[in-house]
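Numbered according to the numbering used here, the sequence shown spans residues 4 to 135.
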Amino acid sequence: MYRPEHPEYRSAPRLFNAHLGAIRRGVFKRRAADADEVAQDFLQYSLADYAKRRRQGFTRWRDVYPAYAFALASHAADWPRGTGDTEAELAAYWEQARGESRLKWDQARAVIEDAWLALDRMPAAAVHSRPL
């Protein structure tokens with residue numbers, strides 16, 4: 004179960020934040036994935052999805068990357084997906100995990116759900132740099 008206070012899951016936003024410099028410069032080069040890095044396929048998805056959302060007038064990367072990190076961490080932990088009983092719990096965990104993101108749960112939820120669907124379509128080896 005996803006717990007943002009767990010050290011394994013706290014690193015997810017830092018991993019996405021590490022790529023801010025490359026995004027600002029408009030350059031992103033694929034690198035070999037280390038065990039502690041975000042899987043390249045999901046990172047590429049996140050960058051492409053963010054670019055699409057920016058064209059639609061969405062928000063800044065600093066507001067959105069915690070949602071991608073939340074989706075990756077909660078997907079890896081096989082977190083239940085916002086059905087009835089878990090919706091309030093997911094929202095509460097978003098409040099803890101969002102850091103400085105200005106997105107409210109209803110805004111982040113759309114990004115997270117889309118990311119979950121993308122993660123569902125990716126092979127586990129392409130999503131997680133460590134075996135599950």
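By construction, the Cβ of each residue, glycine as well, lies at the ideal position given by its N, Cα and C atoms.
Neighbour-count burial assignment, residue i, 16 or more Cβ in a 10 Å radius
i: Pro126; result: exposed
i: Ala76; result: buried
i: Ala51; result: exposed
i: Ala72; result: buried
C-alpha distance - residue i paired with residue j, whole-angstrom precision
i: Ala111; j: Arg63; result: 13 Å
i: Arg57; j: Ala74; result: 19 Å
i: Ala79; j: Asp44; result: 14 Å
i: Glu90; j: Trp119; result: 15 Å
i: Leu93; j: Glu103; result: 17 Å
i: Trp108; j: Glu116; result: 12 Å
i: Asp81; j: Asp123; result: 11 Å
Beta-carbon spacing of residue i, residue j below 8 Å
i: Ala113; j: Tyr48; result: no
i: Arg101; j: Pro69; result: yes
Helix, strand or coil at residue i according to DSSP, with G and I counted as helix
i: Leu106; result: coil
i: Thr62; result: coil
i: Trp97; result: helix
i: Ala80; result: coil
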